Amino acid sequence: MCDFILLKRTVRIRLYPARFRGRLMIRWLARLVRVSGILIAGVASAEDDPEFLSFRGGAFDINDSETTAMFGVEYRSDYKDLILTPMAGGFITAEGGLYGYGGVFLDVFLGRRLVARPSFAVGAYSDGDGKDLGGVLEFRSAIALAWRFDDRSRLGLEVSHLSNASLYDSNPGTENLTLNYSVPLDRLF
């Protein structure tokens with residue numbers, strides 16, 4: 001075991017004898033192939049999914065003393081030429097904060113019913129009488145876990161983070177928790 005001091009932190013590097021390195025490489029490659037196969041199979045299951053309109057309600061800024069209610073709507077496209085799919089949405093808080101955004105998401109099916117959906121978006125925020133996030137331009141990252149019903153509608157929980165990525169002097173950020181109900185658009189119209 002070798003110790004190196006780098007930027008006032010100790011980094012430990014474990015050196016394996018040459019006879020073990022090949023086995024370790026094969027194990028890591030096998031893990032990578034398994035994870036890739038699961039992700040590809042999960043993404044392939046989403047090919048028949050329609051476009052969705054998602055309604056949400058929950059708590060804005062759950063890790064702070066300024067927690068308030070939030071309500072929103074999101075449109076998710078069925079455009080399938082890319083791995084990432086476009087979306088657009090917005091929300092309003094009980095204190096008059098507004099956020100509108102556009103971004104991308106990826107549906108990963110974990111079996112027939114369970115869907116994980118990571119997403120990333122960029123948008124404009126106005127604080128109203130609520131929390132000041134430091135500026136207008138805000139980035140949104142989220143992960144949702146939803147149950148898919150026979151009619152392809154979904155009910156799930158989403159955790160999201162809103163931040164200006166330190167573009168402004170102040171970057172307090174927020175964490176939000178919402179309950180989402182997503183309806184296929186072809187059922188609405």
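Numbering (the working numbering), first residue to last: 1 to 189.
The beta carbon of each residue, even a glycine, is placed where N, CA and C say it ideally should be.
These numbers come from a predicted model, not from an experiment.
Look at R187 here: in three-state DSSP terms it is helix.
Boundaries of the beta strand (DSSP E) harbouring T85: T85 to T93, taken from the DSSP string. Exclusion of the five residues before and after D132 leaves S170 and P172 as the residues of its chain whose Cβ lies within less than 8 angstroms of its Cβ. The C-beta separation of G156 from A144 comes to about 5 angstroms, placing the pair in contact by the 8 angstroms criterion. A Cβ-Cβ contact shorter than 9 angstroms links Y181 with F55. Residue pairing of T68 in beta bridges, as defined by DSSP: F60. Excluding residues up to 5 positions away in sequence, M70, G72 and Y99 lie with their Cβ nearer than 6 angstroms to the Cβ of F91 in the same chain. With a contact defined as Cβ atoms closer than 8 angstroms, R140 and L106 miss out at about 15 angstroms. In the DSSP annotation of this structure, the continuous segment of the beta strand (DSSP E) that includes G102 starts and ends at L98 to F105.
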